[in-house]
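Student: Sharing a structure with you now.
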Ligand code: G16
C-alpha cells in the first residue's frame, strides 16, 4: 500500500560541491531523508517512465536509506530501479551503469572521502542521466522543493532482499539487483591493454592497492588479483566496512599514512595506489615518492598515446581553477584544448558531452576521463600502471622526466578547518574586496601581477559560476582561496599554493613554498581572524 505522509520542510538541504553531505545523525532524523528524496522526485516529470540506480559505498545507514529510497520510489510509481548487490556501487561504476543502461539518474549513497559511522558522515550524490552529478540549476530546483515540501509518498512494502542478483517488484516498481562490478571492469578492459598490464603484474613488480575499507576493495580484488594476476594480498583494506574500520577514507598523505609509511620505508614496493570511500579519488605513490595530484593529471595527459583508447588522439583537457598549472603546459605543448572550471566534477560534464575534453582532473586527488562522468580512482591507477608497463620506468623517473621537460609546479594545499561559518564568509568577502588593491604589491620576493575572483562561463549552457579567489605573482606563482563545499563541521578555508620552477626539481615542497604559505596567511588574515597560526591539514 502507498501512504501519503504529512511532513514539514528541513531548511538545510542545499547541496554542496558533491550532493548532500551531512552528519549521519542529521540524516537519520525523522523524515529528513524522505523529504530530500521526495523533493528530488518532485522535480522529475513522468516518473512512471523513469529508471534509476541505487547503490553506495557501504557506509553506516546506507542499507536503511536504500530501503527507504526504494519505497519512496515505489510510492511515486517509478518504473524501474537498478540496485547494486548488497547495496554497493562505487561512484565511477555507478556513472557507467547509468550511461550503459540509459537510466534517468541515480542515488549514490556516500559522503565520499569523509569518515563513516553513527557519529560521522552520510551523503547522497544525486546523478542525472548524464551519468554525473546534477548541475547547479538542477540542485537549486531540488533545494526549492525541500523548502516547500508538505508530504511524501511511501510504500509499506517489506524490505527488499539486496543480497541476491535477480528481479523482483515493489508495488508496480520493477527492481533489479545487479552485479555492480563486471560491467565496469569490462569498460576498463576496453580502455587499457590488459595483456600488457598482466605481464607487468605477474612479473616481479611489487604493487599495493589500498581500498581504505571503502567500496573499491571488491572491484580491485577482482581486477588486480583475479583478472590481472597480481599476487593475493596485493589489495589491502579490501572489505567495505560501515565505519571504514575507523579509517578516514581519504587517500592523501595524512589519512593514508600507513600506506605512505610503507612506501617511504625500507623494502618499499615499486608502486602503490589508494582510493577513497566511494572509489572516485586516488593517490599515487612510488618508492619514496608521492605524486602530487596536479602533476598526476599533467603526466597522464602527456602520456595519453600509451593508452589504446586514446591512441588516436584526445579532444582536450580540463582542470579545476585550484589545480596547479602543470597540465596547461602539457596542453599547450600538445596543442590540445584546455579549460579551467570551478571545483566540482559536475563542471566537466558539459565539456565532455560536447567533445571539448577527454581527460580532466582536480587537485583533490581526482582524475578521470570521458568514459564516464565522474572521477575514477581505478582508471587512474590503471593509467599509471600502463605508463610503467610501457616505459619500465619508476614513478620517480617518470615524474622527474616530466619536470625536466616542462618545469615543476611545487604545490601545497593548506586547510583551515572547523571555522565559524560567519567568520569564514566574512574573510572571503573582505579578501575579495581587497583583491584590486593587491595588484602591484610586493610580499618578500613575490610581486602580485593580478588578483581576481574566478568566474566560469559554461560554453554549453552559458551559465556563470563564481568560485574562489586567485592571486597571480610575476614569477608564475599563484595562491587560490576557496571555502570547501564538502565539509560537515563548520567551514573549511582552503588555500592552494603553487610555485613554478625549472631548476631545483627534487626539493621538498614545504621548503620551496614556505614563504608563499606565510604570504597566503598574511593576505587572508587567517591568524588575526581565527587565531589559527598554521593549517590543520597540509596536502
Ligand atoms: C567532491 C567533488 C570534487 C571536488 C571536491 C571538492 O569530491 O566531487 O569534484 O573537487 O568535492 O571538495 P571541497 O569542496 O571540500 O574542496 P568528492 O570526492 O567528495 O566527491
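In the numbering used here, the protein residues as written are 35 to 573. Yeah, the Cβ is synthetic: ideal placement off N, Cα and C, and Gly gets one too.
Could you work out which residue in 38, 546, 543 and 321 is closest to residue 240 when comparing CA atoms only?
Tutor: In the chain shown, counting from the first residue as 1, residue 240 sits at position 206. Ranking 38, 546, 543 and 321 by Cα distance to residue 240 puts 321 first.
Student: According to DSSP, what are the bridge partners of residue 316?
Tutor: In the chain shown, residue 316 corresponds to position 282, counting from 1. DSSP output for residue 316 lists 309 as bridge partner(s).
Student: I need the boundaries of the beta strand (DSSP E) containing residue 526, first residue and last residue.
Tutor: The residue labelled residue 526 in the question sits at position 492 within the chain shown. Its beta strand (DSSP E) spans residues 525 to 535.
Student: Could you please give the first and the last residue of the uninterrupted beta strand (DSSP E) stretch that includes residue 128?
Tutor: Here residue 128 is taken as the residue at index 94 of the chain shown, counted from 1. Run containing residue 128: none in the beta strand (DSSP E); it sits in the alpha helix (DSSP H), 125 to 134.
Student: State the DSSP-derived secondary structure class of residue 447, mapped to helix, strand or coil.
Tutor: As a position in the chain shown, residue 447 is number 413, starting the count at 1. Three-state result, residue 447: strand.
Student: Residue 444 and residue 535 look like a contact to me (Cβ under 8 Å); what is the Cβ gap, rounded to whole Å?
Tutor: Numbered from its first residue, the chain shown carries residue 444 at position 410. Numbered from its first residue, the chain shown carries residue 535 at position 501. Yes, residue 444 and residue 535 are in contact; Cβ-Cβ is about 7 Å, under 8 Å.
Student: I'd like to confirm something about residue 314: is its beta-carbon nearer than 7 Å to some heavy atom of the ligand G16, or not?
Tutor: Here residue 314 refers to the residue found at position 280 of the chain shown. Within the cutoff, so yes.
Student: What residue range is occupied by the uninterrupted alpha helix (DSSP H) comprising residue 361?
Tutor: Position 327 of the chain shown holds residue 361. Where residue 361 is concerned, the enclosing alpha helix (DSSP H) stretches over 360 to 368.
Student: For residue 283 versus residue 251, is the C-beta distance shorter than 8 Å?
Tutor: Start at 1 with the first residue of the chain shown, and residue 283 comes out as number 249. Start at 1 with the first residue of the chain shown, and residue 251 comes out as number 217. No, these two residues do not count as a Cβ contact at 8 Å.
Student: Buried or exposed: which applies to residue 565, given that a residue is buried once 16 or more other Cβ atoms fall within 10 Å of its Cβ?
Tutor: Against the chain shown, residue 565 aligns to sequence position 531. Exposed is the call here.
Student: If you measure between the beta carbons of residue 515 and residue 376, is that distance less than 8 Å?
Tutor: Taking the first residue of the chain shown as 1, we reach residue 515 at position 481. Taking the first residue of the chain shown as 1, we reach residue 376 at position 342. No, Cβ-Cβ distance for residue 515 and residue 376 is not below 8 Å.
Student: Could you compute how far the alpha carbon of residue 349 sits from the alpha carbon of residue 90?
Tutor: As a working mapping, residue 349 is identified with position 315 in the chain shown. As a working mapping, residue 90 is identified with position 56 in the chain shown. Rounded to the nearest angstrom, the two C-alpha atoms are 31 Å apart.
Student: So residue 544 and residue 446 are in contact, right, with Cβ under 8 Å, and what is the actual spacing, rounded?
Tutor: Numbered from its first residue, the chain shown carries residue 544 at position 510. Numbered from its first residue, the chain shown carries residue 446 at position 412. The pair is a contact, with the Cβ atoms about 7 Å apart (cut-off 8 Å).
Student: If we ignore side chains and look at the alpha-carbon of each, how far apart do residue 335 and residue 237 end up?
Tutor: If you number the chain shown from 1, residue 335 lands on position 301. If you number the chain shown from 1, residue 237 lands on position 203. The alpha-carbon atoms of residue 335 and residue 237 are separated by roughly 26 Å.
Student: Would you mind sorting residue 79 into buried or exposed? The rule is 16 or more other CB atoms within 10 Å of its CB.
Tutor: As a working note, residue 79 is residue 45 in the chain shown. Exposed, because fewer than 16 other Cβ atoms sit within 10 Å of the Cβ of residue 79.
Student: Given 8 Å as the limit, is there contact between the stretch 463 to 476 and the stretch 358 to 378, that is, 3 or more CB pairs closer than that?
Tutor: Judged by Cβ distances under 8 Å, the stretch 463 to 476 makes no contact with the stretch 358 to 378, as fewer than three pairs qualify.
Student: Would DSSP call residue 469 helix, strand or coil?
Tutor: Your numbering for residue 469 matches position 435 in the chain shown. Of the three classes helix, strand and coil, the one that applies to residue 469 here is helix, per DSSP.
Student: What residues match up with residue 491 in a beta bridge as DSSP calls it?
Tutor: Counting from one through the chain shown, the residue named residue 491 turns up at place 457. Per DSSP, 498.
Student: Should residue 521 be listed as close to the ligand G16, given that the test is whether its C-beta is under 7 Å from any heavy atom?
Tutor: Working through the chain shown from its first residue, we reach residue 521 at position 487. Answer for residue 521: yes, Cβ within range of the ligand G16.
Student: In or out: residue 265 buried (at least 16 other Cβ within 10 Å) or exposed?
Tutor: Within the chain shown, residue 265 is the residue found at index 231, counting from 1. Label assigned to residue 265: exposed.
Student: Could you tell me whether any non-hydrogen atom of the ligand G16 is closer than 7 Å to the CB of residue 451?
Tutor: Here residue 451 is taken as the residue at index 417 of the chain shown, counted from 1. Not so, every heavy atom of the ligand G16 lies at least 7 Å from the Cβ.
Student: In whole angstroms, give me the CA-to-CA distance for residue 81 and residue 242.
Tutor: As a first step, residue 81 must be located in the chain shown, where it is residue number 47. As a first step, residue 242 must be located in the chain shown, where it is residue number 208. Distance between the alpha carbons of residue 81 and residue 242 is about 44 Å.
Student: Should residue 379 be listed as close to the ligand G16, given that the test is whether its C-beta is under 7 Å from any heavy atom?
Tutor: As a position in the chain shown, residue 379 is number 345, starting the count at 1. At least one heavy atom of the ligand G16 is nearer than 7 Å to the Cβ of residue 379, so yes.
Student: For residue 526, tell me which candidate among 559, 449 and 301 has the shortest Cα-Cα distance.
Tutor: As a first step, residue 526 must be located in the chain shown, where it is residue number 492. Measuring from the Cα of residue 526, the nearest candidate turns out to be 449.
Student: Check whether the stretch 113 to 133 touches the stretch 148 to 158, counting contact only when three or more Cβ pairs, one atom from each stretch, lie closer than 8 Å.
Tutor: No contact exists between the stretch 113 to 133 and the stretch 148 to 158.
Student: Could you name the residues of the same chain whose beta carbon sits closer than 7 Å to that of residue 298, not counting the 5 residues immediately before and after it, in chain order?
Tutor: The sequence position of residue 298 within the chain shown is 264, counting from 1. Only 322 meet the Cβ criterion.
Student: Closer than 7 Å to a non-hydrogen atom of the ligand G16 - does that hold for the CB of residue 52?
Tutor: Position 18 of the chain shown, counted from the start, is the residue given in the question as residue 52. Answer for residue 52: yes, Cβ within range of the ligand G16.
Student: Taking Cβ to Cβ, would you say residue 157 is nearer than 8 Å to residue 144?
Tutor: Locating residue 157 in the chain shown gives position 123, counting from the first residue. Locating residue 144 in the chain shown gives position 110, counting from the first residue. Result yes, Cβ atoms of residue 157 and residue 144 sit closer than 8 Å.
Student: Quick one: what's residue 122 bridged to in DSSP?
Tutor: One-based indexing of the chain shown puts residue 122 at position 88. Paired residues: 90.
Student: Closest by CA to residue 44, which one among 221, 67, 50 and 87?
Tutor: Within the chain shown, the letter at position 10 stands for residue 44. Nearest of 221, 67, 50 and 87 to residue 44, Cα basis: 67.
Student: Hey, quick one: how far does the alpha helix (DSSP H) through residue 217 stretch, first residue to last?
Tutor: For this step, residue 217 is matched to residue 183 along the chain shown. Element bounds for residue 217: 216 to 225.
Student: Find the nearest neighbour of residue 399 within the set 254, 410 and 41, judged by alpha-carbon distance.
Tutor: Taking the chain shown and counting its residues from 1, the one referred to as residue 399 is at position 365. Closest by alpha carbon: 410.
Student: With a threshold of 16 other CB atoms inside 10 Å of the CB of residue 107, please say whether the residue is buried or exposed.
Tutor: Position 73 of the chain shown, counted from the start, is the residue given in the question as residue 107. So residue 107 ends up on the buried side.
Student: Output yes or no for whether 8 Å exceeds the beta carbon distance between residue 390 and residue 371.
Tutor: Against the chain shown, residue 390 aligns to sequence position 356. Against the chain shown, residue 371 aligns to sequence position 337. Their beta carbons are under 8 Å apart, which means residue 390 touches residue 371 by this criterion.
Student: Note down the Cα distance separating residue 180 from residue 105, rounded to an integer number of angstroms.
Tutor: Taking the first residue of the chain shown as position 1, residue 180 is located at position 146. Taking the first residue of the chain shown as position 1, residue 105 is located at position 71. Approximately 19 Å, taken between the alpha carbons.
Student: On the CB-based measure, 16 or more other CB atoms within 10 Å of its CB, does residue 393 come out buried or exposed?
Tutor: Your numbering for residue 393 matches position 359 in the chain shown. It counts as buried.
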